[in-house]
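Report on the structure given below.
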Amino acid sequence: MKIECKDCGAEINAPDDAVVGEILTCPDCGADFEIASKTEERVELKPAESIGEDWGQ
Amino acid sequence: MVEICIIYDKLRFEERALYDKAIKKNLNAQLIDAKNLILSTSSRKSDLQFGGILLQRTVSYFRGLYLTSCLEFLGYKVINNFNVGEICGNKLVTSLHLAKHHIPTPETGFAFSAEGARKMLNKMGYPAVLKPLIGSWGRGVFPIRDEETANILVETREENGNALSRIYYIQEMVERPPRDVRCIVVDDNVITAIYRYSPGNEWRTNVAMGGKAEKATITNELEDIVLRAARSVGGGILGVDLMEDRSRGLLVHEINNTVEFRGAQDVSEVDIADAILDYAIKIAKS
Chain H
394 MKIECKDCGA
404 EINAPDDAVV
414 GEILTCPDCG
424 ADFEIASKTE
434 ERVELKPAES
444 IGEDWGQ
Chain Z
36 MVEICIIYDK
46 LRFEERALYD
56 KAIKKNLNAQ
66 LIDAKNLILS
76 TSSRKSDLQF
86 GGILLQRTVS
96 YFRGLYLTSC
106 LEFLGYKVIN
116 NFNVGEICGN
126 KLVTSLHLAK
136 HHIPTPETGF
146 AFSAEGARKM
156 LNKMGYPAVL
166 KPLIGSWGRG
176 VFPIRDEETA
186 NILVETREEN
196 GNALSRIYYI
206 QEMVERPPRD
216 VRCIVVDDNV
226 ITAIYRYSPG
236 NEWRTNVAMG
246 GKAEKATITN
256 ELEDIVLRAA
266 RSVGGGILGV
276 DLMEDRSRGL
286 LVHEINNTVE
296 FRGAQDVSEV
306 DIADAILDYA
316 IKIAKS
């Protein structure tokens, strides 16, 4: 499914097996988005969180 | 059917692998975004339908730690539990536990002011390594080769608004080959071990820094030290990192609480997600 990048308007491809929470990166501007919701017809994106000092494993 | 809940805030390879494998194993699995949860002192376990066992897999250390505290308060079983997370998420506390249990570990100094940090560096000598207490992937880990660099780094840390940046964790620079060893421990077993090689222009070995993974043999010596290290922090699902010191042999320098295993899975025949889920099922049934 194709979604419009909220930053630059380019097309981002969401694979069919993508799940909510997955991060998609705009191929044009490099912005990261998180899949906020997903139905058969529609994928909603929200801006992904930026890396925090406490991020890791 | 065992109900398993994978708590995430950023869905990485690992969380997706765990979820996909859980579905394949016919487990009743759900992915829960930690960012969407709100809880209170009045919350009850029945308010949430999280099933028998929760895998804490948030990329944000503090988010995962304090959420685990809330979930344990409600009566949920969380892997890893709060105590393990609190120890492993903080390098200073980890080092103290390793030393207390006589696990070979690099010489590490702690200081609580800029003056203390300089004093400790002069005492330990150069080169040394300055590491942040919290954080992963080699971020903020700096080699200090002389006093001038030390002064710059200490000054930078002092100006940082984060209170934790003014607690200093200073480690000897271990003389090692350009690689370290990552062992994945699940349920008191070393399920796989890999070497992580530094990329050409980098001394850190983290896969996140571009380090390359290669399968390592789990020798009796490696297994013994890794299991003792894992037990010293409370066990569970852990990534134990070691360096091979040229004279002292294996030294444990870090233990990871929400271990990433993409690099290890690429070179290992063991199905890491499967092993983690089997352990979760065992704990759920216990």
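From first to last, the protein sequence lines are chains H and Z.
With positions in the first sequence counted from 1, the corresponding number in the working numbering is that position plus 393.
With positions in the second sequence counted from 1, the corresponding number in the working numbering is that position plus 35.
Quick reminder that beta carbons are idealized off the backbone N, C-alpha and C, glycines included.
Identified DSSP bridge partners for residue i
i, result
"Q206/Z", "T143/Z, V164/Z"
"C123/Z", "Per DSSP, none; premise fails for C123/Z."
"L417/H", "F426/H"
"T293/Z", "Bridge partners of T293/Z: none, in fact."
"L285/Z", "E279/Z"
"Y232/Z", "R214/Z, K247/Z"
"G170/Z", "In DSSP, G170/Z forms no bridge with anything."
Residue i vs residue j beta-carbon contact at 8 Å
i, j, result
"E415/H", "I428/H", "yes"
"P139/Z", "E207/Z", "no"
"L285/Z", "E304/Z", "no"
"L106/Z", "L53/Z", "no"
"D222/Z", "K317/Z", "yes"
"V119/Z", "V261/Z", "no"
"I179/Z", "P167/Z", "no"
"Y232/Z", "R211/Z", "no"
"L100/Z", "F117/Z", "yes"
"V94/Z", "K45/Z", "yes"
"Y30/Z", "G151/Z", "A query on residue 30/Z cannot be resolved here, the shown segment of chain Z reaching from 36 to 321 and no further."
"A69/Z", "Y96/Z", "no"
"I253/Z", "V294/Z", "no"
"L188/Z", "I169/Z", "no"
"G175/Z", "A248/Z", "no"
"A424/H", "D447/H", "no"
Where the alpha helix (DSSP H) containing residue i begins and where it ends
i, result
"K45/Z", "Here K45/Z belongs to no alpha helix (DSSP H), and DSSP marks it neither H nor E."
"L90/Z", "Counting along the chain, L90/Z falls outside any alpha helix (DSSP H), though it belongs to the beta strand (DSSP E) covering 88–91."
"I307/Z", "307–320"
"I187/Z", "182–194"
"N30/Z", "For residue 30/Z there is no data in the structure shown, the boundaries of chain Z being 36 and 321."
"K154/Z", "149–159"
"I107/Z", "Reading off the sequence, residue 107/Z comes out as Glu, not Ile. Where E107/Z is concerned, the enclosing alpha helix (DSSP H) stretches over 96–109."
Euclidean distance between Cα positions of residue i and residue j
i, j, result
"L62/Z", "K320/Z", "13 Å"
"R239/Z", "V209/Z", "12 Å"
"D325/Z", "R92/Z", "One cannot answer for residue 325/Z here, as it falls past the ends of chain Z, which runs 36 to 321."
"I143/Z", "R98/Z", "Checking the sequence, you will find Thr at residue 143/Z rather than Ile. Those two C-alpha atoms are separated by around 27 Å."
"E193/Z", "L165/Z", "13 Å"
"M155/Z", "R266/Z", "30 Å"
"H137/Z", "E289/Z", "15 Å"
"W172/Z", "N291/Z", "11 Å"
Residue span of the beta strand (DSSP E) that contains residue i, given as start and end
i, result
"R217/Z", "214–221"
"V436/H", "436–440"
"A64/Z", "63–68"
"K395/H", "395–397"
"I405/H", "404–406"
Problem - Three or more C-beta pairs below 8 Å linking the region 235–243 of chain Z and the region 267–275 of chain Z - result: Because the criterion of three Cβ pairs below 8 Å is not met, the region 235–243 of chain Z and the region 267–275 of chain Z do not touch.
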